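Report on one structure; see the data block that follows.
There are 2 protein chains.
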Amino acid sequence: MKAILSRRSIRSYTAQPVPEQLLIELLEAAMCAPSAGNEQPWQFVIIDRRDILDEIPKFHPYAGMVAEAPVAILVCGDLLRDTHRGYWVQDCAAATENILIAVADKGLGAVWVGLYPRDERVRAMRALLAIPESIVPFALIPLGYPAEDKPPANRFDAGRIHYNGW
Amino acid sequence: MKAILSRRSIRSYTAQPVPEQLLIELLEAAMCAPSAGNEQPWQFVIIDRRDILDEIPKFHPYAGMVAEAPVAILVCGDLLRDTHRGYWVQDCAAATENILIAVADKGLGAVWVGLYPRDERVRAMRALLAIPESIVPFALIPLGYPAEDKPPANRFDAGRIHYNGW
């Protein structure tokens, strides 16, 4: 619960590299996500080449923080595994959220940078990484050791809760 | 991490009611989810009326477990708050996943029952609860104290991990 409640979008990172083992643990968390009929329609690309990371803010208007992130995880949807058609978006979002909670749990910082359903971002990311047509770049998660400290956000709004009807 | 790694879909529940305060804490976790531009396009309906719950398996082919769940949370998308158009699905999926992790953390059991994007399920749920057109029933989470015990699933697949390209 603590990681869920304290998680914030972190857009500033130190230069300290993130150990490979930690990245694998984040992806282990991602792959624990539920999916429609257990279809697991996800693929992940770890991006730590500086020249590749630096290309991303050139086509994505809200990805400036990638320029200082030591690494990013690209979550992709695998349309060939979307056997319960149309659910891959939700499944990949659940995997993405698992990564973000695991990031908070491990004292790292990250932010969810949306790609899908913006065609121009999806296409540019696909071109940058030579990703095949059946794989959809879904969301990018730049991450690192946080260089900013944010208190928990309190977004609770009792007005969003309804009982047994509208 | 423990809640993420041990979470399983639980479809069998004891008759013990879930305290109201716990339900509120689950929704607090839900509302901590990230969303596009912090749009928070979600609404929640707590359903604990037996007569309403019992209607759901009549129109949803995979909702048989609702008949024995003491309560369910319906996660809805609020299209009037989807200011970053098209991202509400991902935002609601992140909120849903937060609920499921919080459920596991608290020793409860739950399962993600998909509604959107299946039109017939969305329409039937909207009619059952008199939900307005601008609100989209997204996913149903039947929950309770677990009457089944499942070991953690190991879904980790190193073959899903790519480095700096495809």
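Top to bottom, those sequences are chains A and B. Residues 876 to 1041 (my numbering) make up the first sequence, in order. Residues 876 to 1041 (my numbering) make up the second sequence, in order. For glycine and all other residues, C-beta sits at the position ideal for the given N, C-alpha and C. The structure displayed is predicted, hence computed values, not measured ones.
Beta-carbon neighbours of Met-906 of chain A, restricted to chain B and to distances below 8 angstroms: Those are Arg-1030, Phe-1031, Asp-1032, Arg-1035, listed as they occur along chain B.
Alpha helix (DSSP H) segments (min. 4 residues) lying fully within the region 932-1006 of chain A: Fully enclosed alpha helix (DSSP H) runs of 4 or longer: 963-980, 994-1004.
Backbone secondary structure at Gly-1019 of chain B - three-state DSSP: Under the three-state reduction of DSSP output, Gly-1019 of chain B falls in the strand class.
C-beta neighbour in chain B for Gln-891 of chain A, strict 8 angstroms: Judged by the 8 angstroms Cβ criterion, Gln-891 of chain A is not in contact with chain B.
Ser-910 of chain A, buried or exposed, once every other Cβ within 10 Å from all chains shown has been counted against 16: Buried: at least 16 other Cβ atoms inside 10 Å.
Contact the region 985-994 of chain B vs the region 1022-1036 of chain B: 3+ CB pairs below 8 angstroms: No: the two stretches stay apart, fewer than three of their Cβ pairs being nearer than 8 angstroms.
Proximal residues of chain A, C-beta to C-beta of Val-920 of chain B below 9 angstroms: Under a criterion of Cβ atoms nearer than 9 angstroms, the residues of chain A adjacent to Val-920 of chain B are, in order, Ile-1036, His-1037, Tyr-1038, Asn-1039, Gly-1040, Trp-1041.
Closer than 8 angstroms to chain A by CB, Leu-902 of chain B: Cβ-Cβ to chain A under 8 angstroms: yes for Leu-902 of chain B.
As assigned by DSSP and simplified to three states, the class of Ile-1042 of chain B: Since the first residue of chain B shown is 876 and the last is 1041, residue 1042 of chain B is not available in this structure.
is_contact[Met-876 of chain A, chain B] using C-beta, thresh 8 angstroms: Yes, its Cβ sits closer than 8 angstroms to a Cβ of chain B.
Chain-ordered chain A contacts of Ala-911 of chain B [CB-CB under 8 angstroms]: Within 8 angstroms Cβ-Cβ: Gly-989.
Local Cβ density within 10 Å of Leu-983 of chain A, reported as buried at 16 or more and exposed below that: With 16 or more Cβ atoms within 10 Å of its Cβ, Leu-983 of chain A is classed as buried.
Per-residue contacts from Tyr-962 of chain B into chain A (C-beta, under 7 angstroms): The contact set of Tyr-962 of chain B on chain A, defined by CB atoms closer than 7 angstroms, consists of Gly-989 in chain order.
The ligand SAH heavy atom lying under 7 angstroms from the CB of Pro-936 of chain B: Only the bare structure without any ligand can be found here, which leaves the ligand SAH out of the picture.
Touching by the beta-carbon criterion (3+ pairs, under 8 angstroms), the region 934-953 of chain B and the region 934-952 of chain A: With a cut-off of 8 angstroms, the region 934-952 of chain A and the region 934-953 of chain B do not count as touching, because too few Cβ pairs lie within range.
CB of Ala-905 of chain B within 8 angstroms of CB of Trp-917 of chain B, strictly: Yes, the pair counts as a contact, with Cβ atoms nearer than the cut-off.
Those runs of the alpha helix (DSSP H) which lie wholly inside the region 886-922 of chain B and span at least 4 residues: If we require 4 residues or more, the alpha helix (DSSP H) runs fully inside the region 886-922 of chain B come out as 895-906.
Alpha helix (DSSP H) segment containing Asp-926 of chain A, residue limits: It spans 925-928 - the alpha helix (DSSP H) in which Asp-926 of chain A sits, taken as one unbroken run.
Beta bridge counterpart(s) of Pro-1026 of chain A as assigned by DSSP: In the DSSP assignment, Pro-1026 of chain A is bridged to no other residue.
Residue from B:Pro-892, B:Ala-1033, B:Leu-955, B:Asp-980 whose Cα sits closest to the Cα of Pro-1007 of chain B: Nearest in C-alpha terms to Pro-1007 of chain B, of all of B:Pro-892, B:Ala-1033, B:Leu-955, B:Asp-980, is B:Leu-955.
Selection of the region 921-940 of chain B by Cβ proximity to chain A, strictly under 8 angstroms: Of all residues in the region 921-940 of chain B, Ile-921, Ile-922, Asp-923, Arg-924, Ile-927 have a Cβ within less than 8 angstroms of some Cβ in chain A.
contact_flag[the region 892-903 of chain B, the region 924-932 of chain A] where n(CB pairs < 8 angstroms) is 3 or more: No, they do not touch.
CA-to-CA distance, Phe-934 of chain B to Ala-999 of chain B, given in whole angstroms: So the two alpha carbons sit approximately 7 angstroms from each other.
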